[in-house]
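Participant: This structure is in structure tokens; I'll ask about it shortly.
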Amino acid sequence: MTYRTASIIAYIAFFAVVLALPLVLNSFWTNRVAIYLVYSICAIGISMSWGYAGILSLGQGLFFGMGAYMLAMSLTLAVPENNPVPQLMLLNMEPNAVRDLCCVTTGSFLWIPFRSIAVGMIAGIVVPCILAAGIGYVMFKRRTTGVYVSIITLAFALIGQLLIINNQPLTGGFNGLADLALLEIGGFEFDPYGPSAYYAVALTLIAVILLARYMLTGRIGQVLKAIREDEARARYLGYDVENFKVFIFCVSAGVAGLAGMLFTITSEFATPSLMATSLSISMVIWAATGGRASLLGACVGALIVNFVGSLASESATFQPVWPIILGLLFVFVVLFMPNGIAGIFKAFIERSGRTERLGEARPSGKTERADKSERVQTELTAREA
83 MTYRTASIIA YIAFFAVVLA LPLVLNSFWT NRVAIYLVYS ICAIGISMSW
133 GYAGILSLGQ GLFFGMGAYM LAMSLTLAVP ENNPVPQLML LNMEPNAVRD
183 LCCVTTGSFL WIPFRSIAVG MIAGIVVPCI LAAGIGYVMF KRRTTGVYVS
233 IITLAFALIG QLLIINNQPL TGGFNGLADL ALLEIGGFEF DPYGPSAYYA
283 VALTLIAVIL LARYMLTGRI GQVLKAIRED EARARYLGYD VENFKVFIFC
333 VSAGVAGLAG MLFTITSEFA TPSLMATSLS ISMVIWAATG GRASLLGACV
383 GALIVNFVGS LASESATFQP VWPIILGLLF VFVVLFMPNG IAGIFKAFIE
433 RSGRTERLGE ARPSGKTERA DKSERVQTEL TAREA
């Protein structure tokens, strides 16, 4: 079996398992697995930027959190008690201010477009992309590479988190946005603990994988790999390296924003913790564990790490030391499994393929020798006759 054939089978098996899980899970685990699948989408974004283009972003949580907040704002306004003005703004209402979203507090007018759910869903992808375009343009046009990219993206994530915390009248501060309305589209309601929200996440994950694979197996993917391996040589060959890096950075941010919206649907809240550096670093660990250069591997890595993390959180022994275990896992993967689980899978398939080819070659060699021996024996018999 070739590696390509094995990969196709692995993708089909993964999709089948993901789609079948709600049939055997209770409502609690349906919700938990849906959140794990959301994290898998985050890992795909990391795989696209880090695994293919060599851009290690430690600020992916910024785009994830932005996507979550964009939809959370619309779902907050969809609650009857928050119409026409959210309760969090009334608590911080300026003296003599008019009870209207346009002027109840400083900056409250920014919420006006989010009365439409469609605006919140579009903004959940567009705003992270615009933000990433600005950050990426500043970084890559100045030819910033390596660890400096990681530091800059980490700094922007910290800035974003602080802005959310310090603007309590608009964002809810530390508490974030909670008690959200359920997402409803065309009269169809997405229950976080039911199959509706789960399949919304699962089908989105499958669509993201297929679209990303289609894009990265073509010319764009080849150019990104060339940039990852030797940026100067790719530039010498005539490719606009900076624009390609800005492009994939924006796509990765859009994927993270999409995942953030799905997180809001499945968890029913958005808080500053979604932009925390710990979550951004965890995303890198998920992708590294599964295989940063493999879309499916990154998904599997996110699922495994988060599932084990959930089990550890229920144990009084392992819960306090889980962050340490996660850090040691990352060190182990970097040192001994640089290609992650996907690399082990690829090596196994290639080794099995070589064994099969050798096994097929041996019988043919024996047959050839037998035929030659038979011809010699026939000639000797003829001479004796």
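My numbering numbers the first residue of the sequence shown as 83 and each following residue consecutively. By construction, the Cβ of each residue, glycine as well, lies at the ideal position given by its N, Cα and C atoms.
Should A398 be labelled buried (16 or more other beta-carbon atoms within 10 Å of its own) or exposed?
Facilitator: Within the sequence shown, the letter at position 316 stands for residue 398. Around the beta carbon of A398, a 10 Å sphere encloses fewer than 16 other beta carbons of the protein chains shown; the residue is thus reported as exposed.
Participant: Beta-carbon separation of I137 and K307 under 8 Å?
Facilitator: Position 55 of the sequence shown, counted from the start, is the residue given in the question as residue 137. Position 225 of the sequence shown, counted from the start, is the residue given in the question as residue 307. Result no, Cβ atoms of I137 and K307 do not sit closer than 8 Å.
Participant: Count the CB pairs spanning the stretch 340-351 and the stretch 146-154 that are closer than 8 Å, and state whether there are at least three.
Facilitator: yes
Participant: Given that a residue counts as buried once 16 or more other Cβ atoms are within 10 Å of its Cβ, and exposed if not, what is S434?
Facilitator: In the sequence shown, residue 434 corresponds to position 352, counting from 1. Classification of S434: exposed, given that the 10 Å Cβ count is below 16.
Participant: Taking only the alpha-carbon atoms, compute the straight-line gap between A429 and S129 and give it to the nearest angstrom.
Facilitator: The residue you call residue 429 lines up with position 347 of the sequence shown. The residue you call residue 129 lines up with position 47 of the sequence shown. Their backbone Cα atoms lie some 20 Å apart in a straight line.
Participant: By DSSP, does L107 sit in helix, in strand, or in coil?
Facilitator: As a working mapping, residue 107 is identified with position 25 in the sequence shown. Correct three-state label for L107: coil.
Participant: Which partner residues does A352 have in the DSSP bridge list?
Facilitator: As a first step, residue 352 is located in the sequence shown; it is residue number 270 there, counting from the start. Bridge partners of A352: L259.
Participant: Find out if the Cβ-Cβ distance for the pair A380, G391 is shorter than 8 Å.
Facilitator: Locating residue 380 in the sequence shown gives position 298, where the first residue counts as 1. Locating residue 391 in the sequence shown gives position 309, where the first residue counts as 1. Contact flag unset, no.
Participant: Quick one: using the 10 Å Cβ neighbour count with 16 as the cut-off for buried, is N164 buried or exposed?
Facilitator: By one-based count along the sequence shown, residue 164 stands at place 82. N164 should be labelled buried.
Participant: Pairing CB atoms from the stretch 201-214 with CB atoms from the stretch 315-335, are three or more of them under 8 Å?
Facilitator: yes
Participant: So what does DSSP say about I267, is it helix, strand or coil?
Facilitator: Taking the sequence shown and counting its residues from 1, the one referred to as residue 267 is at position 185. Reduced to three states, the DSSP call for I267 is strand.
Participant: Among the candidates A358, L377, G425, S190, whose CA atom is the shortest distance from the CA of S131?
Facilitator: For the purposes of this step, residue 131 is identified with residue 49 of the sequence shown, where counting begins at 1. With distances taken between Cα atoms, S131 lies closest to L377.
Participant: With distances taken from CA atoms, which of D312, L236, A375, A394 is nearest L361?
Facilitator: To locate residue 361, count along the sequence shown from 1; it is residue 279. Taking each of D312, L236, A375, A394 in turn and checking the Cα distance to L361, the smallest one comes out for L236.
Participant: In whole angstroms, give me the CA-to-CA distance for V415 and A384.
Facilitator: Taking the sequence shown and counting its residues from 1, the one referred to as residue 415 is at position 333. Taking the sequence shown and counting its residues from 1, the one referred to as residue 384 is at position 302. For the pair V415 and A384, the Cα-to-Cα distance works out to about 14 Å.
Participant: According to DSSP, is V99 helix, strand or coil?
Facilitator: By 1-based counting over the sequence shown, the position of residue 99 is 17. It is helical.
Participant: To the nearest angstrom, report how far apart G254 and I363 are at their CA atoms.
Facilitator: Along the sequence shown, read from residue 1 onward, the residue named residue 254 stands at position 172. Along the sequence shown, read from residue 1 onward, the residue named residue 363 stands at position 281. Their Cα atoms are separated by approximately 25 Å.
Participant: What's the gap between the Cα of G127 and the Cα of G218?
Facilitator: As a position in the sequence shown, residue 127 is number 45, starting the count at 1. As a position in the sequence shown, residue 218 is number 136, starting the count at 1. In a straight line, the C-alpha of G127 is about 15 Å away from that of G218.
Participant: Within a Cβ cutoff of 6 Å, which residues of the same chain sit near G409, ignoring the five residues on either side of it in sequence?
Facilitator: As a position in the sequence shown, residue 409 is number 327, starting the count at 1. Excluding sequence neighbours, G409 sits near nothing in its chain.
Participant: Do F345 and Y118 have their C-beta atoms within less than 8 Å of each other?
Facilitator: The residue given as residue 345 occupies position 263 in the sequence shown. The residue given as residue 118 occupies position 36 in the sequence shown. Note that the C-beta distance between F345 and Y118 is not below 8 Å.
Participant: Could you check how far apart the C-beta atoms of Q169 and M365 are, in whole angstroms? I think they sit under 8 Å.
Facilitator: Position 87 of the sequence shown holds residue 169. Position 283 of the sequence shown holds residue 365. Not really, about 32 Å apart at Cβ, beyond 8 Å.
Participant: Where L197 and S232 are concerned, what is the direct C-alpha to C-alpha distance, given to the nearest angstrom?
Facilitator: For the purposes of this step, residue 197 is taken as the residue at position 115 of the sequence shown. For the purposes of this step, residue 232 is taken as the residue at position 150 of the sequence shown. Inspection of the sequence shows that residue 197 is occupied by Arg rather than by Leu. Those two C-alpha atoms are separated by around 36 Å.
Participant: Quick one: using the 10 Å Cβ neighbour count with 16 as the cut-off for buried, is A467 buried or exposed?
Facilitator: For the purposes of this step, residue 467 is identified with residue 385 of the sequence shown, where counting begins at 1. Low per-residue confidence applies at A467: pLDDT is 45, beneath 50, and the placement is therefore not dependable, though the value from the model is reported in the following sentence. Exposed, because fewer than 16 other Cβ atoms sit within 10 Å of the Cβ of A467.
Participant: Could you tell me the distance, in whole angstroms, from the CA atom of L393 to the CA atom of R315?
Facilitator: Your numbering for residue 393 matches position 311 in the sequence shown. Your numbering for residue 315 matches position 233 in the sequence shown. About 47 Å.
Participant: To the nearest angstrom, how far is it from the Cα of G320 to the Cα of G303?
Facilitator: Your numbering for residue 320 matches position 238 in the sequence shown. Your numbering for residue 303 matches position 221 in the sequence shown. Approximately 16 Å, taken between the alpha carbons.
Participant: Give me the residue from V413, I406, D261, V382 with the minimum Cα distance to A92.
Facilitator: Numbered from its first residue, the sequence shown carries residue 92 at position 10. Ranking the options by Cα distance to A92, first place goes to V382.
Participant: Buried or exposed for M83, please, with buried defined as at least 16 other CB atoms from any protein chain shown within 10 angstroms of its CB.
Facilitator: The residue labelled residue 83 in the question sits at position 1 within the sequence shown. So M83 ends up on the exposed side.
Participant: State the start and end residues of the unbroken alpha helix (DSSP H) segment that holds A135.
Facilitator: Looking up residue 135 in the sequence shown gives position 53. No alpha helix (DSSP H) contains A135, which DSSP labels as neither H nor E.
Participant: So, with DSSP's three-state summary, where would you put P162?
Facilitator: Residue 162 sits at position 80 when you count from the first residue of the sequence shown. If DSSP states are grouped into helix, strand and coil, P162 belongs with the helices.
Participant: Between the alpha carbons of P251 and M175, how many angstroms are there, rounded?
Facilitator: Your numbering for residue 251 matches position 169 in the sequence shown. Your numbering for residue 175 matches position 93 in the sequence shown. Roughly 8 Å between the two C-alpha positions.
Participant: Mark V458 as exposed unless 16 or more other C-beta atoms lie within 10 angstroms of its C-beta, in which case mark it buried.
Facilitator: The sequence position of residue 458 within the sequence shown is 376, counting from 1. Interpretation of V458 is limited by its pLDDT of 48, a score under 50 that renders its predicted location unreliable; the figure taken from the coordinates is listed afterwards. V458 is exposed by the Cβ-count criterion.
Participant: Check this for me: beta carbons of F272 and L264, under 8 Å apart or not?
Facilitator: Position 190 of the sequence shown holds residue 272. Position 182 of the sequence shown holds residue 264. Yes; because the gap between Cβ atoms is below 8 Å, this pair is in contact.
Participant: Considering only residues of the same chain and omitting the five flanking positions on each side of Y275, which have a CB-CB separation below 8 Å?
Facilitator: Taking the sequence shown and counting its residues from 1, the one referred to as residue 275 is at position 193. The residues are S109, F110, T112, N113.
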